[in-house]
Amino acid sequence: MRIGQAHLMEYVLLTFFAVLILLLIAFFLTGWQITGAESQKQELVLQKSLFVLKSFSNSPYINRRGFKEGSMFEDSKLTVLKCEDLQNLFGKSWWAEIYIPGYTEICTEENYPNCGYWKFCEKESESIIYEIPVNIYRKVSGNVDIGILRVGVKI
Amino acid sequence: MDVFDIFKIIFGIIITFFIIQFLLSFLSSYTQIGETSKQISSLVSFNKVLQDVYTTGIPTTFTLYDYDKIDFYEPPNMITKAGTLRIENPTVFVPEKNLLLYRGELDLEWWKFYFIYALPGTNILYVPMNNSPLVWNVMSNLTNILPSTERLDTKIMFGFGCNGSIYYFSTWERERFLNIIGYISTDYENLVDNDCSDVGIPQFYKIIRISTDYSEKPGVLIVPNTSNIGYVYVDGRPYLYKNPIDIVYAIFGGKGIYEYGNKEFFSKLGLAIDLKIRESQMLALKKGELCATYYNDFISILNQLKPLNNYTNELEMKIFSEKLSDSIEKYKELEVMGCE
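The following block contains the structure:
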């Protein structure tokens, strides 16, 4: 009788562990999907960053006419643009700054063209940031300066 | 066979049944999730490539494997079995497997409006029904805004039709076709002998009739009133056009993209006008008296140029079109004077 009960218990335990393993595999696969979704979210933030960067480089609202390859910003356009204008074009949750090395004062209509720093939208501390060199056409003097464009997207 | 053996058999059957049922339901939902993920991934990838073409202007071809899973396209939303995809930029989209992705533009000198083509290879056959400068002008303007596919695998080709039941020349690319329009217009009498009404239209062909007089025809008929304004009829349904983009919307997309495209155009135009006025006011103070005069004239024209809510009113469109032409001319003067 006792041997019979022991066999029974052995059988039940074996079945229990087999079912447990199946459940663990199911949980593992589901967990894998969730991790995949998290990494896709990160990927989307990176894509958004690159999209804003490319949009800046090629937008007719910012670039000088006649430069098909883009990245020739006009200082007058940068000075009159506001964060809300660009958010209407590129969406939200990003910030950008363009600066010519040596300039720290933010450009306004009053100090234009004797300035070389433009800021768009509130900077977020936790952002993915891209930085590229750009050309800045000085509308009043006709010169071209080299500047840096920094674009950040909130994580 | 003792009781224990019978118990083992019955218990084994019950557990096996439970395990198989669990596995089948889990695997079927897992397969469904996998299938949906694959479709979503394909559509997200398509949207990303569209965005890249929009921002960079570099055309490309794209293979959309799940094009038959698209239920319908109501701009800006693409409704599919896997969900809804929002395409922000105005996109003229014809769901097929092998697509040409191309950025079209309307150049207003002081601003550019961009939109996207997502089209399969297409043969466009014009049927000029009168020998009028208006007809050739519309043909030229429309061809100019359509994609140039010289270095691409997916082609947009141009030609004339019909001569009998044969499509007459359909192997010209855009640039070559624009060059020959002037030459062909002198040979109008030998060009076409019917308006293609009785000819079956194969897939990926577009017959575009152009006439200064309206007549009831199936398919597409463009009736220009002036060089910029007119009506395009698609299977009898009229669309007012003020530029060639409206003709493209009507022919390839229909009411959905026509309305969305116009809404986007006027929304972006409003922003462009506002920015240009601010910029011109600032530059008028910084660039000297001579430029200030030209800038002030330009500003006063821009102030009269209001984005319209009703783009189906012909009179309002005419006034708008004239003001837009004035703004372009004034901007060209600014460029000639060295102010821009």
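From first to last, the protein sequence lines stand for chains A and B.
Read left to right, the first sequence gives residues 0 to 154 (numbering that gives the first Met the number 0).
Read left to right, the second sequence gives residues 0 to 339 (numbering that gives the first Met the number 0).
In this text, a Cβ means the ideal position worked out from N, Cα and C, and glycines have one as well.
Per-residue DSSP class, three states only, for residue i
| i | result |
| --- | --- |
| residue 63(A) | coil |
| residue 139(A) | coil |
| residue 11(A) | helix |
| residue 31(A) | helix |
| residue 238(B) | strand |
| residue 208(B) | strand |
| residue 147(B) | coil |
| residue 271(B) | helix |
| residue 306(B) | coil |
| residue 94(A) | strand |
| residue 130(A) | strand |
| residue 260(B) | helix |
| residue 25(A) | helix |
| residue 107(B) | coil |
| residue 63(B) | coil |
| residue 73(A) | strand |
| residue 80(B) | coil |
| residue 232(B) | strand |
Expected contact under 8 Å - CB spacing of residue i and residue j to nearest Å
| i | j | result |
| --- | --- | --- |
| residue 128(A) | residue 150(A) | 7 Å |
| residue 95(A) | residue 148(A) | 7 Å |
| residue 326(B) | residue 304(B) | 6 Å |
| residue 79(B) | residue 42(B) | 6 Å |
| residue 262(B) | residue 319(B) | Their Cβ separation, rounded to whole angstroms, is 15 Å, which puts residue 262(B) and residue 319(B) out of contact at 8 Å. |
| residue 113(B) | residue 104(B) | 5 Å |
| residue 205(B) | residue 124(B) | 7 Å |
| residue 99(B) | residue 58(B) | 7 Å |
| residue 208(B) | residue 128(B) | 6 Å |
| residue 75(A) | residue 282(B) | 6 Å |
Neighbourhood of residue i by C-beta, 8 Å cutoff - its chain only, sequence neighbours within 5 removed
| i | result |
| --- | --- |
| residue 203(B) | 119, 120, 121, 122 |
| residue 103(A) | 116 |
| residue 259(B) | 74, 75, 89 |
| residue 77(A) | 61, 97, 106, 117, 135 |
6 Å Cβ shell around residue i - same chain, five flanking residues per side excluded
| i | result |
| --- | --- |
| residue 141(B) | 243, 246 |
| residue 144(A) | 99, 135 |
| residue 71(A) | 62, 63, 134, 136 |
| residue 226(B) | 136 |
Cβ-based burial, residue i [other Cβ within 10 Å; buried from 16]
| i | result |
| --- | --- |
| residue 95(B) | buried |
| residue 26(A) | exposed |
| residue 67(B) | exposed |
| residue 30(A) | exposed |
| residue 126(B) | buried |
| residue 102(B) | buried |
| residue 417(B) | Only positions 0 to 339 of chain B appear in the structure, and residue 417(B) is not among them; the question remains open. |
Candidates the options, of which the one nearest residue i by Cα
| i | options | result |
| --- | --- | --- |
| residue 111(A) | 286(B), 317(B), 299(B) | 286(B) |
| residue 99(A) | 125(A), 130(A), 4(A), 120(A) | 130(A) |
| residue 349(B) | 131(B), 180(B), 170(B), 277(B) | Any property of residue 349(B) remains undetermined from this structure, which presents chain B solely from 0 to 339. |
| residue 69(A) | 142(A), 138(A), 133(A), 47(A) | 133(A) |
| residue 159(B) | 250(B), 65(B), 16(B), 186(B) | 186(B) |
| residue 56(B) | 67(A), 124(A), 4(A), 30(A) | 67(A) |
| residue 173(B) | 311(B), 157(B), 70(B), 183(B) | 157(B) |
| residue 317(B) | 223(B), 145(B), 252(B), 44(B) | 223(B) |
| residue 34(B) | 65(B), 50(B), 47(B), 109(B) | 65(B) |
| residue 86(B) | 51(B), 289(B), 138(B), 108(B) | 51(B) |
| residue 314(B) | 230(B), 328(B), 295(B), 236(B) | 230(B) |
| residue 122(A) | 93(A), 108(A), 101(A), 57(A) | 93(A) |
| residue 107(B) | 324(B), 60(B), 93(B), 291(B) | 324(B) |
| residue 279(B) | 234(B), 239(B), 334(B) | 334(B) |
| residue 309(B) | 321(B), 134(B), 239(B) | 239(B) |
| residue 93(B) | 2(B), 249(B), 330(B), 21(B) | 249(B) |
| residue 132(B) | 4(B), 183(B), 148(B), 147(B) | 183(B) |
| residue 38(B) | 300(B), 83(B), 219(B), 175(B) | 83(B) |
| residue 81(A) | 17(B), 170(B), 271(B), 219(B) | 271(B) |
Please identify, using Cβ separations under 9 Å, the residues of the segment 260-272 of chain B that lie next to chain E, in order along the chain. Looking at the structure shown, chain E is missing, and the protein chains on hand are A and B.
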